[in-house]
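If you're matching them up, the sequences are chains A and B in order.
In case it helps, my numbering puts the first sequence at residues 1 to 210.
In case it helps, my numbering puts the second sequence at residues 1001 to 1210.
We put the beta carbon where it would ideally sit given N, CA and C, even for glycine.
Everything numeric in this text was worked out from a predicted model, so none of it was measured.
There are 2 protein chains.
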Amino acid sequence: MDLIEDIKQKAKNFFLNSKGSHDWEHTMRVYNLCIHIGKKENAGMEVLKLAAILHDIGRAQQDDCNGGICHAEKGAEIAKELLTKVGYKKSEKVIHCIKTHRFRKNNIPVSIEAKILFDADKLDSIGAVGIGRAFLFAGEIGAKLHNKYADINKTEEYSKDDTAYREYIVKLRKIKDRMLTKEGKRLAKERHKFMDDFFERLNKEVDGDI
Amino acid sequence: MDLIEDIKQKAKNFFLNSKGSHDWEHTMRVYNLCIHIGKKENAGMEVLKLAAILHDIGRAQQDDCNGGICHAEKGAEIAKELLTKVGYKKSEKVIHCIKTHRFRKNNIPVSIEAKILFDADKLDSIGAVGIGRAFLFAGEIGAKLHNKYADINKTEEYSKDDTAYREYIVKLRKIKDRMLTKEGKRLAKERHKFMDDFFERLNKEVDGDI
């Protein structure tokens, strides 16, 4: 078995109890996006593929970045162990990507591979996939389908009013401006437009006009 | 308070513990669609509005139509009581709509109001709203986001593979052919197209190509 397949099999085991909005399929979508963007941006594909496969393996242990466990930092630790065991030489490059994929103040993506992983992970929150994930997550926490009149500033997270629309207004529609690579920007622009049209239509359908 | 508002307040109480994919907001969307279609089809608006408001009040007690409790029949019973209490004269017309809104063999919508309610209820399963509801429901039962390669014939209902895409392939894409009114057909055609485009795009995004 080659290195990529070997690490893929090992990483998959960290997702056995994960929920639908952040499961192994999310990792696989990010992996596919990394390959697509990586080719356009002339990235080191081996490092990039390994980083994509391993970027969320710390998620099961995540609590929070403030004081608790950050899944990016925990994931980087686990990845280091895994890659050391198989004797991988460029593990530091992979670790850098995993550690910085949330782009927190003390963890800024510097290499092109780290920038691509950040873009791919964020891209999976928008477009048709992003719409699906936002509603799936709302279902997981027992939220409503939609409430276009809800005062979003007063809506509590994980409450019945923590809808996909709130997620879109507060977070998802800002993602396109955070992209770090040229191809990431291009994909984000298209996915943003699609998501924007979706919620515009949703708001009209709710009134029974279309 | 006028009759419609009075019944609305009473009906709302039947949805206090309902889940997001079949809650009071679903009733309100069906109500809005009924008003829109009713105007085009010259329906009796009072009967139609009352039927829309009351059509799902038996849902909390639904088990199944085969042997158990059917929410359309149970809802018709509860509605009859409510409307009798307020001395409403045309209650039989409302009851007919509620009883037949699932269009089962022994309960076929005959009046124009009943046909409109059937169309409105089904329309709320497709288009942008339908996409949202399908993913929300998948989240509620702990299903995956998406698996375009799943063998749908082997997928069990309420399993991890009971995804929004399965619902679309098995049920939602057939709804446009079941509409009973002219305006219902027109709306369904547009909503179907939108939903179709959504899943086509989703399948491409998952591969990381767009």
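Query, Result
"By DSSP's criteria, Asn-1107 (chain B) is part of a beta bridge. Which residues make up the other side?", "B:Arg-1104"
"Determine the DSSP secondary structure at Gln-61 (chain A), reduced to helix, strand or coil.", "helix"
"How would you label Arg-1178 (chain B), buried or exposed, when you count the other beta carbons within 10 angstroms and need 16 or more for buried?", "exposed"
"Going by C-alpha to C-alpha distance, which of B:Ser-1018, B:Met-1001, B:Gln-1009, B:Leu-1003 sits closest to Phe-1137 (chain B)?", "B:Ser-1018"
"Whole angstroms are fine: how far does the CA of Ala-11 (chain A) sit from the CA of Asp-1207 (chain B)?", "20 Å"
"Between Ile-1210 (chain B) and chain A, is there a C-beta pair that is closer than 8 Å?", "yes"
"Check distances from the C-beta atoms of the region 1022-1045 of chain B to those of chain A and list, in chain order, the residues that come in under 7 Å.", "Asp-1023, Glu-1025, Arg-1029, Asn-1032, Leu-1033, Ile-1035, His-1036"
"Is Val-30 (chain A) helix, strand or coil when you go by DSSP?", "helix"
"With a cut-off of 8 Å, does the C-beta of Lys-1008 (chain B) fall near any C-beta of chain A?", "no"
"From this set, A:Ala-188, A:Lys-160, A:Met-45, A:Gly-58, which residue's C-alpha is nearest Lys-80 (chain A)'s C-alpha?", "A:Gly-58"
"List the endpoints of the continuous alpha helix (DSSP H) containing Glu-205 (chain A).", "182-206"
"Taking DSSP as the reference, what is the three-state secondary structure of Leu-145 (chain A)?", "coil"
"Against chain A, with Cβ distances strictly below 8 Å, would Glu-983 (chain B) count as a contact?", "Residue 983 (chain B) cannot be examined here, being either before or after the span of chain B that is shown, 1001 to 1210."
"Using the three-state DSSP reduction, which class does Cys-1070 (chain B) fall into: helix, strand or coil?", "coil"
"Going along chain A in order, which residues have a C-beta closer than 7 Å to the C-beta of Ala-1128 (chain B)?", "Phe-198, Arg-201, Leu-202, Glu-205"
"Can you find a C-beta in chain D that's less than 8 Å from the C-beta of Arg-1166 (chain B)?", "Note that chain D does not occur in the displayed structure, where the protein chains are A and B."
"What are the start and end residues of the alpha helix (DSSP H) that includes Met-1179 (chain B)?", "Premise fails: Met-1179 (chain B) is in no alpha helix (DSSP H) and is neither H nor E."
"What is the rounded straight-line gap between the Cα of Asp-121 (chain A) and the Cα of Ser-1111 (chain B)?", "52 Å"
"Please report the residue range of the alpha helix (DSSP H) in which Val-86 (chain A) lies.", "Segment: none, Val-86 (chain A) is in no alpha helix (DSSP H) and carries neither H nor E."
"Enumerate in chain order the residues of its own chain whose CB-to-CB distance from Lys-1008 (chain B) is below 6 Å, with the five nearest sequence positions on each side excluded.", "Ile-1053"
"Flag Ile-1131 (chain B) as yes if its beta-carbon sits less than 8 Å from any beta-carbon of chain A, otherwise no.", "yes"
"What are the residues of the region 82-107 of chain A that lie near chain B, defined by any Cβ-Cβ distance shorter than 9 Å?", "none"
"Just confirm the distance between the C-beta atoms of Leu-1048 (chain B) and Cys-1034 (chain B), as a whole number of angstroms; I'd bet it's less than 8 Å.", "5 Å"
"Along chain B, which residues have their Cβ under 8 Å away from the Cβ of Ala-150 (chain A)?", "What Ala-150 (chain A) touches in chain B: nothing, since even the nearest Cβ is about 11 Å away."
"Between B:Asn-1106, B:Lys-1090, B:Lys-1099, which lies nearest to Ile-1078 (chain B) when the distance is taken from Cα to Cα?", "B:Lys-1099"
"Who are the neighbours of Glu-140 (chain A) on chain B, taking C-beta pairs under 7 Å?", "Gly-1139"
"Do you know whose CA, among A:Ala-150, A:Cys-97, A:Leu-3, A:Tyr-168, lies nearest Arg-133 (chain A)'s CA?", "A:Tyr-168"
"Take every Cβ of the region 1113-1132 of chain B, pair it with every Cβ of the region 1177-1195 of chain B, and state whether three or more of those distances are shorter than 8 Å.", "yes"
"Alpha helix (DSSP H) containing Gly-132 (chain A): first to last residue?", "127-140"
"Do Arg-1173 (chain B) and His-1192 (chain B) count as a contact pair if the criterion is CB distance below 8 Å?", "yes"
"List, in chain order, every chain A residue whose beta-carbon is nearer than 8 Å to that of Met-1190 (chain B).", "The sequence given here has Glu at residue 1190 (chain B), not Met. Under the 8 Å cutoff, chain A gives Ile-210."
"Say whether chain B places a C-beta atom closer than 8 Å to the C-beta of His-55 (chain A).", "no"
"Establish whether the CB of Leu-145 (chain A) and some CB of chain B are separated by less than 8 Å.", "yes"
"Can you tell me where the alpha helix (DSSP H) with Tyr-165 (chain A) in it begins and where it stops?", "164-170"
"Nearest to Met-1028 (chain B) by CA position, among B:Asn-1042, B:Gly-1044, B:Ala-1043, B:Ile-1004, is which residue?", "B:Ile-1004"
"Tell me the rounded alpha-carbon separation between Lys-1160 (chain B) and Glu-92 (chain A).", "36 Å"
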